[in-house]
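Reviewing the structure listed below.
Residue numbers (our numbering): 4 to 274.
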């Protein structure tokens, strides 16, 4: 056997032997894959999702294990963790970004640091919709007046109507123009009404967090405690300061409260 053939065989064996020790890479079909499989044990796959342009964290991206029917979401800094097994396929999606598939292999399990997973920006195409008019105003008015409504299948509990008259069940509703008791009852009991109240609470909480950001935020807490990533997320969840305390306290009082919470948090972790 000639020396050139021997050299080619040795090079091929070395390539096949060490090709399984590469780190994660993004393929042309938007998949992350690397390594060879050596076990089928359950472990936590941890990582961070970033935008490919600007490398900024993508908050609340969906991380779905399609093989196990389990899922989680990223925190506000883009971090996540999910229970997986070898060869599981994890889909990572977020609005405004192209989805990415991650194939779990032993190389991902053995990484010494959290992998960064990048999502490309994606633009949606929305087609136009034609809306046909309902004819003239007189035609529309006539159809509404002459509309025959079917009898209702449900009876309204009289006590509910009494509560509505007293304003009990309408205090937390989103503000509307003047409405009849029946309309108010529908908005309170229907899924649409519940979603509107939930949306109002979310908007109010987001506005509150913006108002107190100058004295309490992840960046400020990180500067006081030195925590970052998952540790910062867990610690802030542990603190759970009430909105009243955050609103009425100044930044120095909040800082002292964070320090006291850190002492308790670290003592519990030592145990």
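Glycine included, each C-beta is placed from N, C-alpha and C at the ideal position.
Reduced DSSP secondary structure (H/G/I, E/B, other) of residue i
i           : result
residue 49  : strand
residue 240 : helix
residue 264 : helix
residue 226 : helix
residue 148 : helix
residue 127 : coil
residue 57  : coil
residue 214 : helix
residue 253 : coil
residue 122 : strand
Rounded distance between the beta-carbons of residue j and residue i, thought under 8 Å
i           : j           : result
residue 264 : residue 241 : 7 Å
residue 206 : residue 250 : Not a contact, Cβ separation roughly 17 Å.
residue 218 : residue 254 : 4 Å
Closer than 6 Å: residue i CB and nearest the ligand COA heavy atom
i           : result
residue 105 : Annotation note on the ligand COA: not contained in the displayed structure, which lists no ligands.
Cβ shell of residue i (< 8 Å), same chain only, five flanking positions each side left out
i           : result
residue 100 : 54, 61, 64, 122, 123, 124 and 125
residue 180 : Low local confidence applies: a pLDDT of 49 at residue 180 is under 50, so the model's placement there is unreliable, and no value is given.
residue 47  : 84, 85, 86 and 87
residue 154 : none
residue 102 : 33, 94, 95, 96 and 122
Contact set for residue i: own chain, Cβ-Cβ below 6 Å, skip 5 residues either direction
i           : result
residue 58  : none
residue 236 : 78
residue 67  : 74 and 94
residue 98  : none
residue 177 : Here residue 177 scores only 46 on pLDDT, less than 50, and its place in the model should not be relied on; the value that follows carries that caveat. Cβ neighbours of residue 177 beyond the five flanking positions: 199 and 203.
residue 49  : 84 and 117
Same chain only: Cβ atoms within 7 Å of residue i, ignoring 5 sequence neighbours per side
i           : result
residue 258 : 227
residue 268 : 238 and 241
residue 212 : none
residue 72  : none
(message) For the structure I just gave you, are there three or more beta carbon pairs, one from the region 115-125 and one from the region 45-63, closer than 8 Å?
(response) The region 115-125 vs the region 45-63: in contact.
(message) As an exercise, report each continuous alpha helix (DSSP H) stretch of at least 4 residues that is fully enclosed by the region 63-104, in chain order.
(response) Taking only runs of at least 4 residues, no alpha helix (DSSP H) segment lies wholly in the region 63-104.
(request) Would you be able to state if there are at least three C-beta pairs under 8 Å between the region 97-112 and the region 78-85? (result) No: fewer than three Cβ pairs fall under 8 Å.
(request) Determine, using beta-carbon pairs with one atom in the region 218-227 and one in the region 200-210, whether at least three such pairs fall under 8 Å. (result) When C-beta atoms of the region 218-227 are compared with those of the region 200-210, fewer than three pairs fall below 8 Å, so the two segments do not count as touching.
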